[in-house]
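Trainee: Chain order of the listed sequences is P and W.
The number in this note's numbering is simply the position in the first sequence, starting from 1, with 12 added.
The number in this note's numbering is simply the position in the second sequence, starting from 1, with 632 added.
Yeah, the Cβ is synthetic: ideal placement off N, Cα and C, and Gly gets one too.
Below is the structure I would like to discuss, written out as structure tokens.
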Amino acid sequence: MTINFSNYPDEQGHFGPYGGIFAPETLMAALEQLTQEYECVKQDPEFLRELADDLQNYVGRPTPLYYAKRWSEHLGGGKIYLKREDLNHTGAHKVNNTIGQALLAKRLGKKRIIAETGAGQHGVASATVAARLGLECVVYMGADDVVRQAPNVVRMQMLGATVVPVESGTKTLKDALNEAMRDWVTNVDDTFYIIGTVAGPHPYPAMVRDFQTIIGREAKQQSLQHEHKLPDALIACVGGGSNAIGLFHAFLEDSSVEMYGVEPAGLGLETGKHAAPLCKGKPGVFHGNRTYLMQDENGQILGTHSISAGLDYPGVGPEHAWLKDIGRVNYVAVDDEEALQAFRDLTRFEGIIPALESSHALAYATKLAPTLAKDKIIVVNLSGRGDKDMNTIAQIEGIEL
Amino acid sequence: MSRLQKKMASLKQVGKTALIPYITAGDPTPNATVALMHLLVEKGADVIELGVPFSDPMADGPVIQKAVERALIHNVSLDDVLEYVRVFREQDAETPVVLMGYLNPIEAQGYEAFANAASSVGVDAVLTVDMPPEESKGYLEALQQVGLDRVFLVSPTTPGSRLSAVNEKGSGFVYYVSLKGVTGSKELDMEDVAQNMTRLKSKLNMPIGIGFGIKDGATAFEMANLGSAVIVGSVLVKLIEANQSKGRYDMHLAIGEKMTEFRDALNRADMNRVGALNT
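Rendered as structure tokens:
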């Protein structure tokens with residue numbers, strides 16, 4: 013099977029049967045304009061130079077590929093490397109994308125930025141670039157997430173953003189996205205919507221992916237430097253799937269590289285209280301694209317559960333849906349408990365506090381590493397740092413703040 | 633010609649503006665819907681737009697979001713909505729019914745299964761908010777095959793280049809979203825609507841209904857001079873919300889009064905036009 017993955021999506025944003033543009037009419041013209049502008053800038057040397065400069069000097073790239081020696085030896089088996097996206101400015105991979113989209117917003121002459129956020133990392137990254145460019149910024153966040161990710165709410169407010177708690181529906185990420193869409197429909201003339209993941213209508217899944225693929229391009233080069241070969245396995249957590257596609261994409265055509273996308277099994281896949289559409293859902297249309305969804309038999313979107321706000325989403329990027337169907341990426345799931353254990357282990361063995369989202373990828377590494385020989389290399393995307401999760405952790409561990 | 637097309641043509645012939653009220657099926661309770669539909673017809677509705685509840689109505693404002701939530705407490709499904717239409721048709725074979733909703737419940741049934749079921753209970757047309765003409769392959773054919781009309785949305789931001797797809801793929805009428813925003817939001821900019829309607833009328837080959845933000849008779853009167861149909865939704869749904877605990881009589885009274893206000897306004901506008909022609 014030889015697929016040229018860079019040929020996807022097609023012009024209307026399709027990855028096989030997935031993706032596309034299923035948007036309300038008011039947004040169609042804005043999406044078309046965005047697609048045209050994006051197609052134009054992605055070949056514009058001036059834009060690419062500006063982006064590269066920002067990523068190096070403002071974000072702090074390249075991020076290290078760190079060999080977690082002590083943890084690897086403890087687990088016994090393959091060598092685990094961590095792609096340190098947690099060391100980016102603002103503390104997660106999200107900023108790779110917001111930097112790019114903010115440059116686009118500036119080009120399009122938009123004065124106002126809106127964003128949805130789950131864990132708050134994308135909200136912080138959006139508020140950050142808005143502050144830097146002097147743009148107004150409004151962030152929609154599920155009311156439940158506002159509580160469990162309180163530190164990030166304060167950060168956004170300090171950065172000058174207005175955080176709007178969304179009380180409708182399940183009060184989590186999907187409802188924040190609904191509300192951001194409603195804002196965009198209303199203010200489409202002067203507003204740029206920075207979507208934080210590889211979902212939504214075309215061109216978002218392709219554009220966000222392109223801005224995130226720097227993760228995999230760097231990891232590939234670094235693996236060759238450190239180990240003189242490509243990794244044997246890649247692991248990343250999947251909510252919407254932006255950090256995962258960012259790591260995977262540069263390796264898709266390297267057939268020796270196994271890939272694992274890790275979905276949140278919440279309280280357990282069998283309980284129904286999870287957020288694992290690729291493992292347990294079926295295809296449908298939601299938030300502007302066709303993809304795997306958690307839905308009931310009547311096509312209503314189901315509420316989700318995950319300890320990690322950033323993975324608590326009933327859909328997933330359409331490219332992942334396609335990569336699942338063609339068998340290029342393995343999609344697996346780990347539950348809240350397993351993620352928490354990995355969170356504790358990495359913190360104690362390596363002195364690195366990971367985000368609860370990234371802890372799902374780490375938890376899968378603890379299962380995979382012991383099955384591999386000592387010369388095998390695993391790269392785990394450490395997509396963000398765990399400072400924002402201290403409230404959740406303190407509550408679970410019975411620590412009073 | 634379909635029931636909807638015939639209705640629009642006959643209204644045009646007598647110079648009458650169509651009044652198209654929207655309610656969400658199953659709001660406030662499943663057993664309220666059929667009676668409300670008959671009431672709307674009795675108070676002057678020419679066509680009924682029936683909302684299919686969806687968990688994530690991203691193009692709707694707070695009023696219709698809440699209506700959908702009320703319906704979903706009772707797990708009102710697409711099948712249930714079709715059942716309401718079947719019962720409605722037992723007593724009304726004339727008033728066209730347009731289903732309005734989002735794509736995923738239809739995807740879950742399968743396009744053909746849905747189209748067959750909808751047409752067999754007497755649905756006349758389908759408007760799917762998140763299904764633009766570009767993605768409508770399969771969906772379109774399934775609806776066409778059983779003679780269901782396809783109503784598409786056109787908005788103030790729709791470029792001329794996309795209108796030919798609407799002409800080609802749509803039928804029955806075109807729903808002009810009269811403002812940038814969600815259902816039930818802000819005030820209408822009359823001048824903006826008038827300008828856009830002039831542009832659209834020259835390019836679209838079917839009647840144009842105007843909806844979003846029409847709250848009272850005065851606004852409806854203005855709109856009747858611009859489009860072939862006036863669509864009212866949030867203002868009626870708000871009355872359902874306000875009267876939900878008071879019982880059917882009060883709710884019907886309130887909705888009946890509002891419908892009469894709209895019908896009278898449209899009749900006045902229609903009469904004025906006739907008068908203008910005669911002088």
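1. Report yes if the C-beta distance between residue 321/P and residue 104/P is below 7 Å; otherwise report no.
2. Counting along the chain, where does the alpha helix (DSSP H) carrying residue 15/P start and finish?
3. If you check the beta carbons only, do residue 835/W and residue 795/W fall under 7 Å apart?
4. Which residues, taken in chain order from the segment 773-794 of chain W, show a beta carbon closer than 8 Å to some beta carbon of chain P?
5. Ignoring anything shorter than 4 residues, give me the alpha helix (DSSP H) runs that lie fully in the segment 792-846 of chain W, in order along the chain.
6. Under 7 Å, Cβ to Cβ, is there at least one residue of chain W near residue 190/P?
7. Once DSSP output is grouped into helix, strand and coil, what is the label at residue 91/P?
8. Distance, Cα to Cα, residue 39/P vs residue 200/P?
9. With respect to the beta strand (DSSP E) encompassing residue 245/P, which residues constitute its N-terminal and C-terminal limits?
10. With 7 Å set as the bound, which would you pick, yes or no: does the beta-carbon of residue 813/W sit closer than that to a beta-carbon of chain P?
11. Name the residues in the segment 280-313 of chain P whose C-beta lies less than 9 Å from a C-beta of chain W; which are they?
12. Less than 8 Å between the CB atoms is what I'm expecting for residue 845/W and residue 197/P, so what's the real figure, rounded?
13. What is the DSSP secondary structure of residue 333/P, counted as helix, strand or coil?
14. Cutting at 8 Å between CB atoms, please list the residues of its own chain near residue 826/W, excluding the five before and the five after it.
15. Give me the subset of the segment 26-39 of chain P whose CB atoms are less than 9 Å from a CB atom of chain W, sorted by chain position.
16. Is residue 852/W helix, strand or coil by DSSP?
17. Output needed for residue 802/W: all residues of its chain with C-beta closer than 6 Å, excluding positions within five of it in sequence on either side, in chain order.
18. For a contact defined as C-beta to C-beta under 9 Å, what are the partners of residue 674/W on chain P?
19. Quick check on the burial criterion: 16 or more other C-beta atoms within 10 angstroms. Buried or exposed for residue 764/W?
20. Using only the alpha-carbon positions, how far apart do residue 744/W and residue 331/P sit?
21. What are the partner residues of residue 302/P, as DSSP defines its beta bridges?
22. Can you confirm whether the segment 84-98 of chain P touches the segment 202-213 of chain P when touching is taken to mean that 3 or more C-beta pairs between the two stretches lie within less than 8 Å?
23. Please tell me whether residue 317/P and residue 351/P are closer than 7 Å, where the distance is taken between their beta carbons.
24. So, for residue 63/P: in the same chain, excluding its five sequence neighbours on each side, which residues have a beta-carbon less than 7 Å away from its beta-carbon?
25. Report the partner residues of residue 204/P according to the DSSP bridge assignment.
26. Might you give, ordered along the chain, the residues of its own chain that have their beta carbon closer than 7 Å to the beta carbon of residue 228/P, omitting 5 neighbours on each side?
27. List the endpoints of the continuous alpha helix (DSSP H) containing residue 227/P.
28. With DSSP collapsed to three states, give me the class of residue 73/P.
29. DSSP on residue 273/P, reduced to helix/strand/coil?
30. Between the Cα of residue 184/P and the Cα atoms of 193/P, 166/P, 155/P, which residue gives the shortest distance?
31. Cα-Cα, which of 269/P, 117/P, 138/P, 44/P is closest to residue 339/P?
32. Could you give the uninterrupted runs of the beta strand (DSSP E) lying entirely in the segment 131-171 of chain P, keeping only those of 3 residues or more?
33. I'd like to know if the segment 883-892 of chain W and the segment 664-672 of chain W are in contact, where contact means that at least 3 CB-CB pairs between them fall below 8 Å.
34. What does residue 796/W touch in chain P if you count any residue whose Cβ is under 8 Å from its own?
35. For residue 634/W and residue 804/W, which I take to be in contact (beta-carbon distance under 8 Å), what is that distance rounded to the nearest angstrom?
36. Rounded to a whole number of angstroms, what is the C-alpha to C-alpha distance between residue 706/W and residue 689/W?
Mentor: Put simply:
1. no
2. That residue, residue 15/P, is in no alpha helix (DSSP H); it is neither H nor E in DSSP.
3. yes
4. 784, 785, 786, 787, 788, 789, 790, 791, 794
5. 792-801, 822-835
6. yes
7. strand
8. 7 Å
9. 245-249
10. yes
11. 294, 295, 296, 297, 298, 299, 300, 302, 305, 307, 308, 309, 310, 311, 312, 313
12. So it is not a contact: roughly 13 Å between Cβ atoms.
13. helix
14. 858
15. 32, 33, 34, 35, 36, 37, 38, 39
16. helix
17. 782, 784
18. None at all; the shortest Cβ gap to chain P is about 31 Å.
19. buried
20. 27 Å
21. 31/P, 297/P
22. no
23. no
24. 111, 112, 115
25. 125/P
26. 258, 259, 260, 261, 262, 263
27. 226-239
28. coil
29. strand
30. 155/P
31. 269/P
32. 148-154
33. yes
34. Per Cβ cutoff of 8 Å: no residues; residue 796/W is ~14 Å from chain P at best.
35. 7 Å
36. 17 Å
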